[in-house]
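Peer 1: This is the structure, below, for whatever I ask next.
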Amino acid sequence: MADVQNTTGSTTAGSIEVGTAGAGAQLAGPGTGRTSVQQPIDARVAVKPSFDVNDFPVPTGREEDWRFTPLHRLGGLHDGTAAAGERGEDKVEFTLPDGVTAETVGRDDARLGKAGTPVDRVAAQAFSAFEQALVVTVPKETVLAEPVKIDVRGEGGVRFAHVVIDVKPFAEAVVVLNHTGSGTRAANVELLVGDGAKLTFVSVQDWDRDAVHVAQHNALVGRDASFKSVVVTFGGDLVRLHPRVNYAGPGGEADLFGLYFADAGQHLEHRLIIDHDTPHCRSNVAYKGALQGQDAHAVWVGDVLIRAAALGTDTYELNRNLVLTDGARVDSIPNLEIETGEIVGAGHASATGRFDDEQLFYLQARGIPADEARRLVVRGFFAELLQQIGVPEVQEQLMEKIDAELESAV
Amino acid sequence: MATLEIRDLHVSVEAENGPREILKGVDLTVKQGETHAIMGPNGSGKSTLAYSLAGHPKYTVTGGSVLLDGEDVLEMSVDERAKAGVFLAMQYPVEVPGVSVSNFLRTAATAVRGEAPKLRLWVKEVKEAMAALQMDPAFAERNVNEGFSGGEKKRHEILQLELLKPKIAILDETDSGLDVDALRIVSEGINRVRSTGEVGTLLVTHYTRILRYIKPDYVHVFAGGRIVESGGAELADKLEEEGYESYVKGGASE
Numbered sequence: 007m008a009d010v011q012n013t014t015g016s017t018t019a020g021s022i023e024v025g026t027a028g029a030g031a032q033l034a035g036p037g038t039g040r041t042s043v044q045q046p047i048d049a050r051v052a053v054k055p056s057f058d059v060n061d062f063p064v065p066t067g068r069e070e071d072w073r074f075t076p077l078h079r080l081g082g083l084h085d086g087t088a089a090a091g092e093r094g095e096d097k098v099e100f101t102l103p104d105g106v107t108a109e110t111v112g113r114d115d116a117r118l119g120k121a122g123t124p125v126d127r128v129a130a131q132a133f134s135a136f137e138q139a140l141v142v143t144v145p146k147e148t149v150l151a152e153p154v155k156i157d158v159r160g161e162g163g164v165r166f167a168h169v170v171i172d173v174k175p176f177a178e179a180v181v182v183l184n185h186t187g188s189g190t191r192a193a194n195v196e197l198l199v200g201d202g203a204k205l206t207f208v209s210v211q212d213w214d215r216d217a218v219h220v221a222q223h224n225a226l227v228g229r230d231a232s233f234k235s236v237v238v239t240f241g242g243d244l245v246r247l248h249p250r251v252n253y254a255g256p257g258g259e260a261d262l263f264g265l266y267f268a269d270a271g272q273h274l275e276h277r278l279i280i281d282h283d284t285p286h287c288r289s290n291v292a293y294k295g296a297l298q299g300q301d302a303h304a305v306w307v308g309d310v311l312i313r314a315a316a317l318g319t320d321t322y323e324l325n326r327n328l329v330l331t332d333g334a335r336v337d338s339i340p341n342l343e344i345e346t347g348e349i350v351g352a353g354h355a356s357a358t359g360r361f362d363d364e365q366l367f368y369l370q371a372r373g374i375p376a377d378e379a380r381r382l383v384v385r386g387f388f389a390e391l392l393q394q395i396g397v398p399e400v401q402e403q404l405m406e407k408i409d410a411e412l413e414s415a416v
Numbered sequence: 264m265a266t267l268e269i270r271d272l273h274v275s276v277e278a279e280n281g282p283r284e285i286l287k288g289v290d291l292t293v294k295q296g297e298t299h300a301i302m303g304p305n306g307s308g309k310s311t312l313a314y315s316l317a318g319h320p321k322y323t324v325t326g327g328s329v330l331l332d333g334e335d336v337l338e339m340s341v342d343e344r345a346k347a348g349v350f351l352a353m354q355y356p357v358e359v360p361g362v363s364v365s366n367f368l369r370t371a372a373t374a375v376r377g378e379a380p381k382l383r384l385w386v387k388e389v390k391e392a393m394a395a396l397q398m399d400p401a402f403a404e405r406n407v408n409e410g411f412s413g414g415e416k417k418r419h420e421i422l423q424l425e426l427l428k429p430k431i432a433i434l435d436e437t438d439s440g441l442d443v444d445a446l447r448i449v450s451e452g453i454n455r456v457r458s459t460g461e462v463g464t465l466l467v468t469h470y471t472r473i474l475r476y477i478k479p480d481y482v483h484v485f486a487g488g489r490i491v492e493s494g495g496a497e498l499a500d501k502l503e504e505e506g507y508e509s510y511v512k513g514g515a516s517e
């Protein structure tokens, strides 16, 4: 694929800002006694994180973190009308391997809200309005033989959800959260990865075409723990996901992988923040998306902060988009802010390319019809990323989903 | 017996100041089992002929006809031409990231043959063809043309020629950018395909070097968008000695 920095109707912007951690700079994080700090990335988010929806003004669309999102298609999740409306139902099925517990708990359960705080009005709305939370616990030192599966089928209406996945120290788990069906949904997902634990969390958005889904994923990665997030978004009218990573101790690793396929009219938005405020942690982000059709829109914003205390940080983020037809739009914005030079590495890359006529000609000249050629290229484009997940069963299932999507869409 | 008939072919490309005619009336008949060398100076239009026959969208046919066994090739889409038996080995094969050689070859073979080749036989067939071209088996797992050297790209093109078994093979500057060893290996591959007697070969080249390995039945000199002289293999010897100067000077080339 020819990497083009600016495909018509798309932006690929980015910034690297290197701040100075001088005597006057009071930074947040462990040991500083501070819980928040004004940083450029933080500053772009107009309001401080809060669990209370009333702490956030209704977004107008001019805010930095809302400027790409078509607010009128949010089904009122952002302005209180969804919360005031009628609730819908979800059909939820669990596959729980031995050793795992899944509980439905009330709002006052002490285990909720540990991994992070809502950073925008919709996430705060979800936290303010959910009725019951789901808590999945993998006990200490338990290594699961099979993935935990949570299949959520939306049956219309509005729902606010809260999920906690708590993987205790030295436990190992793969958790697959699969979304199908329809409705207007807002959720917070907390991912607690205990010291020395390993969690692979897969969130599949295979919604019906009319669904609206907004969710914040907060991961808190323990000392020497390993966290993998795999986000796969195909369906829905508007999907906006906000995966965030914080580190609770040194030696933590986070890999965030994402795949999305936007068809005509779909808005698929992924905004990531990795907050390195702890020394000797690693993060790696790779998101790949394909788009086709009029007004298919993908937004990817990847923010990485390396705060002054985060010595020895190693981070890289990548976003690649493949535009298959005219009329699609990509906004891809990686941001990296570095407040210490004492790091292993930091980098980012973003490119939006077209499936070009020469590739199509080459494949067609070998007898492969145009639609099959497109499928072959997109499949290859995604397979490259899937191979990095490292969980064969999950890779195979996702490849099947991708094949089904390509079969019906391309 | 398969026959490709090119009659009075005119082809244009879109240029800055409107369409520009590159091919100005090409006549050529290629029969199964024959090898025709098309030789000419840079810019004479010989690559345009190759790409036009394969159906590249950049070229617009403005006149003439191309028939394969009486079927109108110009009416066919690019993939239909390949299925009908036209194969173009490209001078600059395109990278296809994320698609492995083995997946690509099998997809192409399935499309051209009309059914998926039986897996065990197919694996053996590919293995043997790769070995004959002195290609490392690990090559099959690499992405199509990605990071290939010039020699690897050309071997990969000839590998496809051997596996897809076309009726008409158009080889566009297959010899360019190859060292002597690679040229020999690639030429041997082409000769294996020719020796079946089932393919008509159109060898497009600037240099006579490859003709030491592949003996053409006919040599055509291409200049100014048409064939200006045809002869047997001896014509190549004349070109080797005299170059294209006399054809260019004659005002035939632009």
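Just so you know, the sequences run in chain order U and Y.
Its first residue numbered 7, the first sequence is counted upward by one per residue in the working numbering.
Its first residue numbered 264, the second sequence is counted upward by one per residue in the working numbering.
Cβ coordinates follow ideal geometry from the N, Cα and C atoms, glycine included.
Closest to Phe485(Y) by CA distance: which of Arg418(Y), Arg472(Y) and Val467(Y) is it?
Peer 2: Closest option to Phe485(Y), Cα to Cα, is Val467(Y).
Peer 1: Alpha carbon to alpha carbon, how far is Ile344(U) from Arg288(U)?
Peer 2: Their backbone Cα atoms lie some 14 Å apart in a straight line.
Peer 1: Counting only the same chain and skipping the five closest in sequence on each side, list residues whose C-beta sits under 7 Å from that of Gly281(Y).
Peer 2: Correct list: empty, nothing qualifies.
Peer 1: Thinking just about the alpha-carbon of each residue, which of Glu508(Y), Glu492(Y) and Ala445(Y) is nearest to the one in Val289(Y)?
Peer 2: Taking only the C-alpha atoms, the option nearest Val289(Y) is Glu492(Y).
Peer 1: Name the residues in the stretch 296-329 of chain Y whose C-beta lies less than 7 Å from a C-beta of chain U; which are they?
Peer 2: Answer set for the stretch 296-329 of chain Y: Ala317, His319 and Pro320.
Peer 1: Please state the DSSP three-state secondary structure of Val59(U).
Peer 2: In the structure shown, Val59(U) sits in a helix (DSSP, three-state: H, G or I).
Peer 1: Ordered along the chain, which non-local residues of its own chain (more than five positions away) have a Cβ less than 6 Å from that of Leu434(Y)?
Peer 2: Hits under 6 Å: Ala352 and Leu466.
Peer 1: How many whole angstroms separate the CB atoms of Val375(Y) and Ala395(Y), which I take to be in contact at a CB cut-off of 8 Å?
Peer 2: Not really, about 20 Å apart at Cβ, beyond 8 Å.
Peer 1: Using a beta-carbon distance cut-off of less than 7 Å, what residues from the stretch 379-391 of chain U approach chain Y?
Peer 2: Against chain Y - using a Cβ distance shorter than 7 Å - the residues of the stretch 379-391 of chain U are Leu382, Val383, Gly386, Phe387, Ala389 and Glu390.
Peer 1: Can you check whether the C-beta of Ala27(U) is within less than 9 Å of a C-beta belonging to chain Y?
Peer 2: Only weak support exists for where Ala27(U) lies, its pLDDT of 37 falling under 50; the value from the coordinates is given anyway. With 9 Å as the cut-off, Ala27(U) does not count as an interface residue toward chain Y.
Peer 1: Taking the C-alpha atoms as reference points, what is the distance between Val245(U) and Ala300(Y)?
Peer 2: Val245(U) and Ala300(Y): Cα-Cα distance of roughly 58 Å.
Peer 1: May I have the straight-line CA-CA distance separating Arg405(Y) from His78(U), to the nearest angstrom?
Peer 2: The alpha-carbon atoms of Arg405(Y) and His78(U) are separated by roughly 46 Å.
Peer 1: Thinking C-alpha only, which one of Asp409(U), Phe166(U), Pro285(U) and Val251(U) is nearest Ala452(U)?
Peer 2: Within the shown structure, residues of chain U are numbered from 7 to 416, placing residue 452(U) beyond reach of any answer.
Peer 1: Taking three-plus beta-carbon pairs below 8 Å as touching, is the stretch 354-369 of chain Y in contact with the stretch 448-466 of chain Y?
Peer 2: No, the stretch 354-369 of chain Y does not touch the stretch 448-466 of chain Y.
Peer 1: Can you tell me whether DSSP reads Ile349(U) as helix, strand or coil?
Peer 2: Ile349(U): coil per DSSP, three-state reduction.
Peer 1: Could you please tell me which residues of the stretch 405-436 of chain Y, in chain order, have their CB closer than 9 Å to any CB of chain C?
Peer 2: In the displayed structure, chain C is absent; the protein chains listed are U and Y.
Peer 1: From the DSSP output, in three-state form, read off Tyr322(U) for me.
Peer 2: Correct three-state label for Tyr322(U): strand.
Peer 1: With distance defined between alpha-carbon atoms, name the residue in His354(U), Leu118(U), Ala376(U) and Ala132(U) nearest to Val142(U).
Peer 2: The candidate whose alpha carbon is nearest that of Val142(U) is Leu118(U).
Peer 1: Given a threshold of 16 other Cβ atoms within 10 Å of its Cβ, counted over all protein chains shown, does Phe100(U) qualify as buried or as exposed?
Peer 2: Answer is exposed; the Cβ neighbour count stays below 16.
Peer 1: Of all the options Leu150(U), Ala371(U) and Ala221(U), which has the alpha carbon lying nearest to the alpha carbon of Thr206(U)?
Peer 2: Here the closest residue by C-alpha is Leu150(U).
Peer 1: Please name the residue, chosen from Val111(U), Pro285(U), Phe388(U) and Asp126(U), that lies closest to Val64(U) on a Cα-to-Cα basis.
Peer 2: Of Val111(U), Pro285(U), Phe388(U) and Asp126(U), the residue nearest in Cα terms is Asp126(U).
Peer 1: Can you check whether the C-beta of Glu358(Y) is within less than 9 Å of a C-beta belonging to chain U?
Peer 2: Answer yes: the Cβ-Cβ gap between Glu358(Y) and chain U drops below 9 Å somewhere.
Peer 1: Indicate whether Phe233(U) and Ala221(U) have their beta-carbon atoms separated by less than 9 Å.
Peer 2: Contact flag unset, no.
Peer 1: Should Gln393(U) go down as buried or exposed, given a rule of 16 or more other Cβ atoms within 10 Å for buried?
Peer 2: Looking at its Cβ environment, which holds fewer than 16 other Cβ atoms inside 10 Å, Gln393(U) is exposed.
Peer 1: Using the three-state DSSP reduction, which class does Ser307(Y) fall into: helix, strand or coil?
Peer 2: Looking at Ser307(Y) - three-state DSSP - the assignment turns out to be coil, as it is neither helix nor strand.
Peer 1: Would you mind listing the beta strand (DSSP E) stretches within the stretch 74-136 of chain U that are 3+ residues and don't spill past its ends, in chain order?
Peer 2: Listed in chain order, they are 96-101 and 107-111.
Peer 1: If Gly308(U) and Pro256(U) are in contact, beta carbons under 8 Å, what's the gap, nearest whole angstrom?
Peer 2: Going by Cβ atoms, the distance from Gly308(U) to Pro256(U) rounds to 23 Å, so no, they are not a contact pair.
Peer 1: Run through chain U and tell me which residues come within less than 9 Å of Asp342(Y), C-beta to C-beta.
Peer 2: Within 9 Å Cβ-Cβ: Leu369, Gln370, Ala371, Arg372, Gly373, Ile374, Pro375, Ala376, Glu378 and Ala379.
Peer 1: State the Cα-Cα distance for the pair Lys501(Y) and Arg475(Y), rounded to the nearest angstrom.
Peer 2: Using only the alpha carbons, I get a separation of about 14 Å.
Peer 1: By the three-class DSSP mapping on this structure, what secondary structure does Thr38(U) have?
Peer 2: For Thr38(U), the predicted model reports a pLDDT of 36, less than 50, meaning its position is unreliable; a value from the coordinates is still stated below. Reduced to three states, the DSSP call for Thr38(U) is coil.
Peer 1: Does DSSP put Phe267(U) in a helix, in a strand, or in coil?
Peer 2: Reduced to three states, the DSSP call for Phe267(U) is strand.
Peer 1: Would you kindly work out how many angstroms separate the C-alpha atoms of Met405(U) and Glu505(Y), rounded to a whole number?
Peer 2: Cα to Cα, the separation comes out at about 59 Å.
Peer 1: Taking contact to mean 3 or more Cβ pairs, one atom from each stretch, closer than 8 Å, check whether the stretch 159-174 of chain U and the stretch 67-76 of chain U are in contact.
Peer 2: Contact fails: fewer than three Cβ-Cβ distances are below 8 Å.
Peer 1: At least one CB of chain Y closer than 9 Å to the CB of Gln394(U): is that the case?
Peer 2: No, Gln394(U) does not count as interfacial toward chain Y.
Peer 1: Return the residue from the list Pro356(Y), Pro429(Y) and His319(Y) that minimises the CA-CA distance to Gly296(Y).
Peer 2: The residue with the shortest Cα to Cα distance from Gly296(Y) is Pro429(Y).
Peer 1: Enumerate in chain order the residues of its own chain whose CB-to-CB distance from Ala29(U) is below 7 Å, with the five nearest sequence positions on each side excluded.
Peer 2: The pLDDT assigned to Ala29(U) is 33, lower than 50, so where the model puts this residue is not dependable; a value taken from the coordinates is nonetheless given after this. Here the set comprises nothing.
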